[in-house]
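Heads up: the sequence shown begins at 661 in our numbering, then just goes up one per residue.
For glycine and all other residues, C-beta sits at the position ideal for the given N, C-alpha and C.
Just so you know, these numbers come straight off a predicted model, no measurement behind them.
Written below as C-alpha cells is the structure these notes are about.
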Amino acid sequence: MLDLQPLLCPRSIAVIGASTQPDKVGGVPIRLLGELGYEGRVYPVNPGADTVQGLRAYPSVAAIGEPVDLAIVAVPAPAAPDVMAQLGQAGTRAAVVFTSGFAEVSGGDALQHALATQARTHGVQLLGPNCLGAMNLRERMFATFSPIPLSGVPPVGEVGLVSQSGAFGAYAFALAREAGLGLSHWVTTGNEAGLQVADVIEWMANDPQTRVILAYIEGARDGMRLRRALAAARAAGKPVVIAKVGTTAAGASAAQSHTASLAGEDAVYQAVFDEYGVYRAHTLEAFFRLGYTLARGRRPNLWQTPSGMPADAVSPVAIVTVSGGVGIMMADSAETLRLPLPPMPDAAAHTLRTAIPFASTANPIDVTGQVVAQPQVFVDALANVARCGQYGAVAAFLAGGANAPRFWPVLQETVTSLHADASAAPLLISGVMDDDKRAWLEARGCLVFREPAHTMEAVAALSKAAAMEATTSADDGAQNLSALSVAIPEGAVENGALSEAEAMALLAEAGVPVVPHGLARDADEAVRIAESIGYPVAVKICSRQILHKSDIGGVVLSLQNADAVRAAFERVMLAGVQARDANGNAMQVDGAIVARMARGWGEIMVGVRRDPVFGLVALAGIGGTAVEIFRQMAFGLAPLSRQRARAMLEQSRAAALCIGHRGHPAIDLDAVADVLVNVSRAAAALGDRLDTLEINPFIVGPDGLTAADAVITLR
C-alpha cells in the first residue's frame, strides 16, 4: 500500500506558483489554508514577491531550507517536470499538480510522461496532473483551488470521497455539505499520472478515520490495482459505493477523452463490483443516499439461509404504515430486493387488532389513518415488532404524521426507548417532516427518507454490509486452482489456437465433461470411431486454423450409419482442403472429429476471455445460436468460486434450463456451477498465454452439462 500520509496529513505545505491574488489558481489554496484553520506551516513559492497573502514568500523550493511534506504545484505545464525534479531534490514527499495540458489534450502524453518520471525518480507521491486536489476535513487541510469550501464545509465524519473528475468532486463536496454528510477525506485524481483512485481506496480502507468510501470512476488503467484496493476494503469491512460512468459506447468514448483513462466494458466492471461487494450508484442521488445509509445506519440482524453462509443472509423487515397503498408499494420493493416480510407475531397482532379491529396485522402492518386519533397504538406496534426478535429492521411510513402535534411527542418517547435498547431492531422512517425533526431522529439512530421505497433499499444495503462484515473477505476463486496445470501442444502458440481435439483434451484434463469423440484421419477410422461411441454422430473438420467450422461447410450433424459417416468425412475434408486464409494460403488440416451427438433440452455457453483492464473474465449464458439474439450473459472474474458461478447462472437465466421445466428433470445447480468453475480453472492455468476459451454449446441434459464444441485461442 502506498503511503498517503504526506499527501493527506501533511505537517507542512509549499505552494509553487503562489499568487498574491486569492482568487487565482495559485492563490486559492493559500486563502483556504489560512481562513479555514490549517495548523501546519505554509510556504508560498513566488520568485517575484516578498510576501504572498501576508506570508513570507520564497524564491524557490530550495530556499525554504527544510523539506516539506506536500507541495501544491500551480505552474504552466511545460515547467511542471522541472519543478517536480526540484521538489524531489528538496526532499518533498508528495505533490498535487493542478495544471492541465497533459495527456487529456492532444500531444500532451510526452509531457505527462516526463512529469511522472521525475516524480518516480525522486520518490514524490504525485496526485494529478489536471486535478482539483485533495482535502482532509479533520486536519482542515485544503490542497485545492476550488473556492467551494469558502461557502462552508461538510461536518467532519467517516465518509471518504475520491473522484477521477474534479468537477464531479467539487459538486459532490457541495452536495455532501447540503446533506450534512460527514467527510473524512476528499481526493480528486485527474489524469492519474501517479496516484490512482485505487490507491486512494486502498489507503482509506486502512484509515481508521474512514468507515465508508465513495468513489467516482470513468475507467481504470490497472485492473489488478483496483481489485487489490476493493479486496482491502472488503477485508476491512468498509463499504465502497462507486459511481461508474461510461456504460455505453458514447459514454465510454467521452470518458476516455475526458481523463485519458481506459473505460472498459461495463459488464466486466460490474463483475468486479459484484466480486468485492461494491455498491453501485447510477445517479448522484443514489450515490449520496447510499453513503448516508452506510455511514449512519445500524446494521440489521440477519437470517441465515439454509446454506448457513452469512454472505447468503437476508434481513427480514417489518413494514408499519399509516397507508395501505404505500405499504403495498414498500412490499413490492421488498420483494424485488428479496427481503422477507414475515407476518406480525401473534401477541403483537392481537394487541393491535384489539385497539383497531380493522387494522391489518399481516406484513405490511397497516395501522390506518386511525393513527391521528390513537397515536399510541402506532408507536406500540413499532416497539413490539422492533423488540420481538423476528425482524432485522423495521420500516415505518408516517406520511405527514411527524408534524402532527399529538403524534410527535409519543413518537419521540418510543424512539428514545428503542435507541437505548441494543437488542431492538433498527428503525428506518419515511415521511414528510422539517429538518429539526429529521435531525432529532437521526441523532437517535433512525435513518430518515422522503421516498418510502428508499427505506427498503436502505435495509437491503445494510443487510449486505452486515453480511460482508461477517465474512470480511471476498472469495475470488483462487483456492480452486489447486495444482492444476495444463500443457499446450507444440506449435499451438505459433498458430494462435488449439484445434478442437486439443481443446477438448485440455478441458477433459481439467475435469470438464466433454462428448465422447475421436480424431479420424481417413474414412475407415471415422467409421470405427462412430461404431465405438455409438450413433448418431457429428463429423467436423479439425484444424488449428479453422475455428468457425460451419462457415466453410466443415460440420455435418446427426449421422445415423457408416455410409453417412464416410460421405460426411469426405465432404468436410474437401471443405478443409478448399479453405484459404486471408492471404490465400491453404489451411493445415489434422483430420476430422467424430463425436457423439449429445442429447438434451437446452444449450449454455461458457467462456473466458482476456479483458484489457482486469485480465481473465468468465462469462456464461444461454448458448447456441440464441447467444447472438438475446446476448443475456453474466460475468465473473476467473477463476470462479462456486458461489459466483451459481450467481452467474441465475443472472444470465441459464439456470432456468437446469431447474426442471416442461417435463425435464431438475439438475443439481451446484454440479452445473462446478463445471463453470472447472472451465475457469483451465483458463486460469493457461494464464497469460490465453486469449479466449469458448464452449458453445454446453448441452443441458439429464446427466448435467456436456461440452459439444470448444475453441481456445492463444496470445
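Margin query: Only counting the same chain, and skipping five residues up and downstream in sequence, which positions put a Cβ closer than 8 Å to that of Ala1165?
Written below: none
Margin query: Please state the DSSP three-state secondary structure of Glu818.
Written below: strand
Margin query: Rounded to whole angstroms, what is the Cα-Cα separation between Ala1099 and Gly897?
Written below: 27 Å
Notebook entry, point to check: Trp846 bridges to which residues according to DSSP?
Noted result: Met795, Leu821
Item checked: Pairwise C-alpha distance: Gly793 and Gln916 -> With a pLDDT of only 46 at Gln916, under 50, the local geometry of the prediction cannot be trusted, and the value read off the model is given with reservation. Between Gln916 and Gly793, the C-alpha separation is close to 20 Å.
Margin query: Beta-carbon within less than 8 Å of Val1146's beta-carbon, same chain only, minus the 5 sequence neighbours each way: which residues are those?
Written below: Leu1166, Glu1169, Ala1170, Ala1342, Ala1345, Leu1346
Margin query: In chain order, what are the residue ranges of uninterrupted beta strand (DSSP E) at least 3 long that sit wholly in the region 1163–1213?
Written below: 1177–1180, 1197–1202
Notebook entry, point to check: Rounded to a whole number of angstroms, what is the C-alpha to C-alpha distance between Leu667 and Ile732?
Noted result: 10 Å
Check: In three-state DSSP terms, what is Tyr929?
Finding: helix
Notebook entry, point to check: Exposed or buried, which one is Ser1123 when buried takes at least 16 other CB atoms within 10 Å?
Noted result: buried
Note to self: Between the region 1042–1055 and the region 1071–1088, can you find at least three pairs of beta-carbon atoms closer than 8 Å?
What the structure shows: yes
Check: Leu1107: which of Ala1008, Asp1081, Gln749, Val1075 sits nearest, CA to CA?
Finding: Val1075
Check: Among residues of its own chain, excluding the 5 on either side of Gly617, which ones have a beta-carbon nearer than 6 Å to its beta-carbon?
Finding: As shown, the chain starts at 661 and ends at 1375. That puts residue 617 outside it, with no answer to give.
Item checked: Separation of Arg1349 from Gly1244, as counted between CA atoms -> 27 Å
Check: Are the region 1253–1264 and the region 1189–1204 touching by the rule of at least three beta carbon pairs closer than 8 Å?
Finding: yes
Note to self: For a minimum of 3 consecutive residues, which ranges assigned as the beta strand (DSSP E) are wholly contained in the region 1251–1302?
What the structure shows: 1251–1256, 1262–1271, 1275–1282, 1293–1297
Next item on the list: Express the C-alpha separation of Ala1161 and Val1249 in angstroms, rounding to a whole number.
Entry: 12 Å
Notebook entry, point to check: Alpha carbon to alpha carbon, how far is Pro1429 from Thr870?
Noted result: The structure shown does not extend to residue 1429, since the chain spans only 661 to 1375, so no value can be given for it.
Next item on the list: Kindly indicate which three-state DSSP category Leu696 falls into: helix, strand or coil?
Entry: coil
Margin query: Do Ile673 and Val743 count as a contact pair if the criterion is CB distance below 7 Å?
Written below: no
Next item on the list: Report the option in Phe758, Gln1205, Met1265, Gly951 whose CA atom is closest to the CA atom of Val1237.
Entry: Gln1205
Margin query: So Asn851 and Pro899 are supposed to be a Cβ contact under 8 Å. How far apart are they, rounded?
Written below: With a Cβ gap of about 28 Å, Asn851 and Pro899 do not count as contacting.
Next item on the list: Find the nearest neighbour of Arg888 within the set Arg1013, Glu935, Leu843, Val1225, judged by alpha-carbon distance.
Entry: Glu935
Notebook entry, point to check: Excluding five sequence neighbours on each side, which residues of the same chain lie with their C-beta closer than 6 Å to the C-beta of Phe947?
Noted result: Ala903, Ala941
Item checked: In chain order, each beta strand (DSSP E) run of at least 3 residues that lies wholly inside the region 1104–1132 -> 1107–1109
Item checked: Between the CA atoms of Val974 and Leu997 - distance to the nearest angstrom -> 10 Å
Notebook entry, point to check: What are the boundary residues of the alpha helix (DSSP H) that includes Ala1080?
Noted result: Premise fails: Ala1080 is in no alpha helix (DSSP H) and is neither H nor E.
Next item on the list: Would you mind stating whether Leu747 and Val702 have Cβ atoms separated by less than 7 Å?
Entry: no
Margin query: Please classify Ser1218 as buried or exposed, where buried requires at least 16 neighbouring CB atoms within 10 angstroms.
Written below: exposed
Checklist line | Whole runs of the beta strand (DSSP E) within the region 693–767, excluding any shorter than 3 residues | finding: 701–705, 730–733, 754–757
Check: Roughly how many angstroms lie between the CA atoms of Pro1392 and Asn1023, to the nearest whole one?
Finding: Because the chain in this structure spans residues 661 to 1375, residue 1392 falls outside the shown range and cannot be described.
Check: Can you tell me the Cα-Cα spacing of Pro809 and Gly937, whole angstroms?
Finding: 32 Å
Item checked: One or two residues paired with Phe1057 in a DSSP bridge -> Thr981, Ser1090
Checklist line | Any chain D beta carbon closer than 7 Å to Lys1097 | finding: Going by chain labels, chain D is absent from the structure shown, which holds only one protein chain.
Note to self: Quick check on this structure: which residue in Phe1295, Ser1077, Val1027 has the alpha carbon closest to the alpha carbon of Val986?
What the structure shows: Val1027
Next item on the list: Could you check what DSSP says for Ile808 in three-state terms: helix, strand or coil?
Entry: helix
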